[in-house]
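In what follows, a structure is listed as structure tokens, so that the remarks can point back to it.
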Amino acid sequence: MSTITELLTELFLMPLIAFMVGLAMVLMLRKIGARLQRRVGPPLLQPIFDIVKLYGKDTQVSHGLIHDIGLVMAVGGYVAAEIFLPVPGMDGIADKGGIITLSYVMMVPSLGLALGVGQCANPNGSIGISRALTAMLAYDIPFIIVVFGVAAHYQSTSLVGMIEYQQAHQWGIFEMPLLAAAGLFALQGMMGKQPFEIYVAPAEIATGPMVEMSGKYMGGLFVMQTFQLYTAGVLYTSLFLGGGSNWFEFLLKIFVVVAIPMSVAFVFPRYRTEDMVRIMWKWPVMAALIGIAFVL
Amino acid sequence: MSVLDDLLLFTALASVAIIVVRRFASVSKLSVIVYALATVLLVKMSALGYGGEPIYSSFTLNVLGQNLYWRFDSLSWFFALITVVIALFTSVFMSGAWAEKYCQEHSTEAYGLLQAALVLNVLSMLVLLASGDLLSLFIGWELVSWASFMMMFLNQDKVARKAAIKYIVYAMAAAMSILMAIAMTYSMTGSLDYVQIMQAVAHLSNTQIALLVTLYGVGFGIKMGVIPFHLWQAAAYAETPGPGAVFMGAISARMGLYALIVIVVQIFSLTRVAAIEIPYTFLNMQNILAWVGALTTIIPTYIALKQNDARYLLAWHGVGQGGYMLLGVMIADSIGTAGGIMHVFNYATYQAALFMAVTAVMFRTGTSNFSKLGGLVTQMPLTFMVMVVSIIGLAGIPPMNGFVSKWLVYRALLLDGEPLLFVAAVIGTLGTILSVYKLVHNTFLGQLRLEHQDVKEAPLSMLLPMLGLVLIIFGTGVMPGVVLDWVAAAQNAVGIAPITHNLGGIELAQGGLDMIWVTGVMFYGFAVGAIVFYFLGGKSKHIHQFDNYAGGHFLTSKVRYHYSNHFYAGLMHLIGGWYKDFFKKLEQALVSLVSFLSQLSENFYRSAQPAVLVAAVAFIALWFIMSSFSMPADTGTVAPITQGIQGGLPK
Amino acid sequence: MDNIVLLVVLPLLAAFLMPVLARFSEVVARVLGLSVLVFAIAIIINVWPQVNSQATSIAIGGFMPPIGISFYVDQVSILFALAIPVMVLLFWPWQRKTSIREYSLMMLLTASSSGLVLSGDLFNIYVFYELLAVASYSLIAVQGRAVSIAASFRYLLMGSVGSVMMLLGIAIIYTQTGTLNLAHLSLLAPLHLDNMAGLAAFALILVGMGVKAELFPVNNWVPEVYGSVSSNLAALMAGLLSKLAVIVVVRIMVLLFPQPEAMQLMAMLGILGVITGELVAWRARDFVRMLSFSSIGQLGLIFLAFSIPGDTGMMAGIALALHHMVVKPALFMLATGWSGSLENLSGVARRSPLTVLLFVLLILSLLGIPPLPGFWAKYLLMVGLAGQDSAVYTLGMIAVPLAMIVEIAYLFRLVMIMYRKEDTVKVKAHSKWGLAIAASAGAALIAIVLQLQPAGDKLTTLAQQLSDRNYYIMTVFPQFHTAETGMQSIK
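Residue numbers (my numbering), protein chains in the order written: chain A, 327 to 622; chain B, 8 to 658; chain C, 5 to 495.
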């Protein structure tokens, strides 16, 4: 009986923790960005204010059922993904899927968003999606190579198994430095953060995929973003940094994973989509392939 | 009379019946009944799906010393089930409103011919699947080829005809390659019976096996449309009349895979194939075949990305998906082959549903050209739903069935330590995601055209089979164990260790898959997402589809602003230069070569001095004799003559 | 049994009588020709069961071989002997107002071709061959069109050089052995012909007979002749006469020259014939021309098949020959309405769907699509080729499939033209008779499919008889119990 209640708690808690940690990450990123630009940055509760504001807006335009469902898929896909990600004390259903399943579940939000934007019938939105999918093609290839290398190294596709191995032996980042570097690079693209944020186009909403997203639609995307940052951090930590034996260590790791590359990348100018494809298919792919050669 | 006799005889009689009544309206109902009864007969054989003993047909044929016979084993049953079930769905799909429209646009005769072509295709596939030796395999093979040709031949447009003739030339090349292989198999092993060949294979040299595998591989590969024989398939399938494309696209090319599994996996066995090293490379024969599969997943998929017609896009994907099956089968362990074989089922279900959805769109709008579609989601929501579920299957995203088979292939590649093949497979999948989004966006999303304002949802007779397929796609995605049972039996039949599985997927020490859980969690996630969306925040206002603006201007529906042309401009900017049409040019070069040789030969036949020619030929013949004859044999031995008479009759 | 001789004598007599009789009554002359043919068929049907059980040798005029001349009747020769009057009857120039000369020449053709397949000695073979040649030159020329006379002249030039070659070959054989009786020669061959002179003789005979058998490269009269004569005559020449020449060559080869060199020479020429024939047919833009070149290709296949040592090759050869004998005349019959440019056939399927279906059935069998009879022939050919080690046969193994791919390309290009939407209405109607022949050929193909097992058995016995040297010797010289004792006694 205890397993079922345990699982039910996990089903509830894991996404909730992800959301909270994600909010904190958003705040952290904004702070880092502000400090680099010599600003003060937003107050502590700003992300929550933002979400409440967006959800509370008067004008909320829906372009149809698929528009709504797209948002549900975007958030729901990540909620599901969080339950596949083991965190200290909670494994969720990590043993039922593993890394391959997780990688594909993480495509569901993108697909949902793409469908939702498509229904809006705004050409700018469609162009944005075409860029977003191109970007996905760009970062997923190095990412998948990294996933392969890691899984081949640990001889397992189970994230739980990988973490156990690392805690027993050594962190993946020391055993597979090249793969770790390539993974970090690909992850940056996956999060849609500087310098690869053109497909999200947060600064030019009117010409990006978010053009028709008003009120809680935008709010939904905000929520999705918090999950996205959290997922990236936890995934990387599980693959290369030995997961976490306790929450303090774990949170430290995932914040560092998100913070460090972001700080470095902030100073770079943006890449055009096709340039992003080019760079993603060049350096991280090369590094990852060499990394695999060492692993095998 | 065994059940197999019943099935074959019934289908044969049904073919005759359908051909006879082809001009009457009742033919559409008859065909539905026929496939339903054939399905029942297959269900009666369902013991085969769970590891039953092969069922033999009591009809045999003894010709030229060869004993031809027919039988069903688990693998045949698996393929036959897919064939007949897809035919059943297709026949329902084409029975009602679609039939009326087709009869109006063409003629009742044309519709009857379509039904006849369909039933002949089913019959010929069953005959092929039931083949018990190489000769009956070849007969079945050719029947399938020509039944396909009949189907392609129904469309009288120039493009379709061109595709059909291209197909038949490729098909002949395939048949000839197989015939060569069969003849050589016979001369090497002295038999055409599977069991006896299997015993004789042990005594063959690696070179012989390599030669045979190449010839069979080319033959079966042409049917599957693997690289470099991929050029014929897409146009040929896409241009067949709607339901024809549904059926052909879903299953026809898979007959090549079936034959390949029987010959290369079952008879030669992959361990033997893997033992053949290719000189000067690190590869062996099995790697080569796997790489052919991997390249087939990539190249046709990215050709599909460039298509501007829904049917062509799907048909090119069909070629690409064949690559996954080949790749899976060629990994040779129980997980990989299970993935490859299971993908046949999964692919058939979603490809049929996709072609049905596109046909339904064509039925309502009259076109499948992306530049003339868009925004149909409000008009045809159910068809849209069918398409979304099917593209999720095609792209291999959970929780649809396509994910499970791809997962198995990936997993096997991981365990096998094949990074490059794995990456190739993933590149194929990513290309699929890009192009299926293009498909669904350009047809159903974006701006609705004014002339499509009054378009209605597809009629019930077309929706029902589509929705049925959606149920299968989702159901077997959640509970892949249902299909994996049959797959395991099929693996057992071809001598591969069957996959250990349960209802939800497979359990492995190093990370398994349980789709029931995965699906459950995904729906839990969606539920949370829905709560977050619907119960929190203000109420959203639905606005009309035409109420839109861009770049600060309100757009009217008269302005075309649907973003469909050159959809992945940025990507094409980068990879566009990589499309070199290499294979197309190769094909053209071959035709030019034939043309050149033909001209040379014609010059000979136009020669003006025939008498001189004869004399010259006689002279050359004499010279040939003198140069090749070593010594005058005046010793009185009879050796040369007996040497000439040697060689026995075929047993 | 001895009335077999009448197969040659009666038509020969008729051929000379007909012009004379015609002076008195044209009707009687016409009836005479036909009745002779019918009588010939009756004779063959009469002796058929006997021949089926045991081959016989008939000494003409009571002189025993090797001194006297003899006819040799076994299952193969009786089959072809039956085909001759049947096909002559089928392709009898009914429809046109023909001069009695043409009838007379047809009878001459019948007599000489019957003699050719039945003859048991080289000299008679040569004589009948010459007669046949004369009959065919004249039949072509008698068509009356300027092109046919030109074609006939071209044929005549090649044919006569060919005849000289053949005569030369026979002369060499005679100087080597001192006999012309085939059975006798067969006994002597290992001693006297298994040398360079013998092979040279074979090469000369092959080239000489090859002219008639459309053997590459002495076949470049084919397109002109078939293109300029009536479809009936073309059907007869392509379907029947070429096969007779092939059978004679094969008989000579089996009995006299079973050396690998001889076989490989024939195989090589056969391969070249297949390749060039099919390639040129690919370029042809005229129906009859296409059929002619396709016929060259098919004859190449037949030569290749017969050149394979062993029973499988023999079976393949006979099957291909018989199959071609059924299919090609039928196709020429369809050409009666469809002659001229291929483009004229655009959309013809709308007007005569059944005829086009028949055409498709015939070409499918020609291409070797199972389960049609053509497939089994091609299957045997491939199995035979695969069983050989020599490079020539490996080449053949590669060339045959390639040629088939070219063949399907041009044949189905034509089918596509026929099934086009536009109907250009440029074709003439077929003659009813021609259609009936083509239809019965199609029916025959289907009948064989339904009777595959007995057909296969029959083919096996035919091949065994044709390739069995000892059986031939024993039949002609019943006094010897084995070939070895025969050879001892000859020494």
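All C-beta atoms, glycine included, are put in the ideal place defined by N, C-alpha and C.
Item to complete: Taking Thr-465 (chain C) as the reference, give the member of C:Thr-316, C:Ile-452 and C:Ala-442 with the closest Cα.
Response: C:Thr-316
Fill in: Asn-474 (chain C) versus Ser-167 (chain C) - alpha carbon distance
29 Å
Worksheet entry | Secondary structure, alpha helix (DSSP H): runs of 4+ residues fully inside the region 416 to 485 of chain C | 436 to 454, 456 to 471 and 473 to 480
Worksheet item: What residue ranges within the region 73 to 111 of chain C form continuous beta strand (DSSP E) runs of no fewer than 3 residues, ordered along the chain?
Response: 74 to 77
Worksheet item: Candidates B:Phe-236, B:Ile-434 and B:Tyr-354: which alpha carbon is nearest Ile-305 (chain B)'s?
Response: B:Ile-434
Fill in: Residue ranges of each alpha helix (DSSP H) within the region 338 to 422 of chain A, 4 or longer
372 to 382 and 391 to 410
Item to complete: Measure from the alpha carbon of Phe-553 (chain B) to the alpha carbon of each residue in B:Met-486, B:Gln-454, B:Ser-608 and B:Val-477, then state which is nearest.
Response: B:Gln-454
Practice prompt. Spatial neighbours of Ser-345 (chain C) within its chain, please: CB distance less than 7 Å, with the 5 preceding and 5 following residues excluded, ordered by chain position.
Written response: Arg-289 and Asp-290
Fill in: Chain-order list of residues whose beta-carbon lies under 8 Å from that of Leu-371 (chain C) (same chain, five-residue window excluded)
Gly-378, Met-408, Glu-411, Ile-412 and Leu-415
Discussion item. Just checking: is the beta-carbon of Ser-9 (chain B) within a distance shorter than 8 Å of some beta-carbon in chain A?
Written reply: no
Fill in: Any C-beta of chain C under 8 Å from that of Glu-149 (chain B)
yes
Discussion item. Suppose the cutoff is 8 Å on Cβ atoms and the five residues either side in sequence are ignored; what does the same chain contact list for Thr-385 (chain B) look like?
Written reply: Leu-455 and Gln-552
Practice prompt. For Ser-637 (chain B), collect the residues of the same chain with a Cβ closer than 6 Å to its Cβ; drop the 5 residues on either side in sequence, then sort them by chain order.
Written response: Low confidence applies to Ser-637 (chain B): its pLDDT is 49, below 50, so where it sits in the model is not reliable enough to give any reading.
Practice prompt. If I'm right that Leu-184 (chain C) touches Leu-135 (chain C) with Cβ under 8 Å, what's the distance once you round it to whole angstroms?
Written response: Their Cβ separation, rounded to whole angstroms, is 17 Å, which puts Leu-184 (chain C) and Leu-135 (chain C) out of contact at 8 Å.
Practice prompt. Please report the residue range of the alpha helix (DSSP H) in which Gln-73 (chain B) lies.
Written response: Gln-73 (chain B) -> not in any alpha helix (DSSP H); beta strand (DSSP E) instead, spanning 73 to 79.
Practice prompt. May I have the straight-line CA-CA distance separating Ser-102 (chain B) from Val-365 (chain B), to the nearest angstrom?
Written response: 17 Å
Worksheet item: Do the region 206 to 218 of chain B and the region 295 to 309 of chain B make contact, defined as three or more Cβ pairs closer than 8 Å?
Response: no
Worksheet item: Closer than 8 Å, CB to CB, is Arg-279 (chain B) near chain C or not?
Response: no
Worksheet item: Using a C-beta to C-beta distance shorter than 9 Å, which residues of chain C count as neighbours of Trp-77 (chain B)?
Response: Neighbours of Trp-77 (chain B) on chain C: none; closest Cβ ~13 Å, over 9 Å.
Discussion item. Using C-beta distances below 7 Å, list every residue in its chain close to Ala-137 (chain B), excluding the 5 sequence neighbours before and after it, in chain order.
Written reply: Leu-11, Leu-15, Ser-64, Trp-77, Arg-78, Phe-79 and Ser-83
Discussion item. So, for Thr-479 (chain C): in the same chain, excluding its five sequence neighbours on each side, which residues have a beta-carbon less than 6 Å away from its beta-carbon?
Written reply: Ala-59 and Ser-61
Worksheet entry | Coil, strand or helix - Ser-29 (chain C) by DSSP | coil
Discussion item. What ranges does the alpha helix (DSSP H) occupy inside the region 443 to 509 of chain B, keeping only unbroken runs of at least 4 residues that lie completely in it?
Written reply: 467 to 485 and 488 to 500
Worksheet item: Quick one: Cα of Ile-531 (chain A) to Cα of Asp-466 (chain A), how far?
Response: 24 Å
Discussion item. Check whether chain B comes within 8 Å of Thr-427 (chain A), counting only Cβ atoms and requiring the distance to be less than that.
Written reply: yes
Worksheet entry | Contacts that Thr-297 (chain A) makes with chain B (C-beta to C-beta distance below 9 Å) | Within the shown structure, residues of chain A are numbered from 327 to 622, placing residue 297 (chain A) beyond reach of any answer.
Discussion item. Does the region 595 to 612 of chain A come into contact with the region 564 to 582 of chain B, if we say contact requires no fewer than three beta-carbon pairs (one atom in each stretch) closer than 8 Å?
Written reply: yes
Item to complete: Out of B:Ile-270, B:Ser-81 and B:Val-70, state which residue places its alpha-carbon closest to the alpha-carbon of Val-453 (chain C).
Response: B:Val-70
Worksheet item: Where do the ends of the alpha helix (DSSP H) carrying Ile-425 (chain A) lie?
Response: 425 to 431
Worksheet item: Who pairs with Val-70 (chain B) in a beta bridge, going by DSSP?
Response: B:Gln-73
Practice prompt. With 8 Å as the threshold, decide whether the Cβ of Met-401 (chain C) is near any Cβ in chain B.
Written response: yes
Worksheet item: Gln-122 (chain B) versus chain C: which residues are under 8 Å apart at the beta carbon?
Response: Those do not exist, as Gln-122 (chain B) stays about 18 Å from chain C at its closest Cβ, beyond 8 Å.
Worksheet item: So which residues of chain C does Glu-609 (chain B) contact, with C-beta pairs closer than 7 Å?
Response: Val-284 and Arg-287
Practice prompt. Quickly, what does DSSP pair Ala-285 (chain C) with across the bridge? List them, please.
Written response: DSSP output for Ala-285 (chain C) lists no bridge partner at all.
Discussion item. For a minimum of 4 consecutive residues, which ranges assigned as the alpha helix (DSSP H) are wholly contained in the region 255 to 311 of chain C?
Written reply: 264 to 287 and 291 to 310
Worksheet item: Quick one: is Ile-586 (chain A) buried, meaning 16 or more other Cβ sit within 10 Å of its Cβ, or exposed?
Response: exposed
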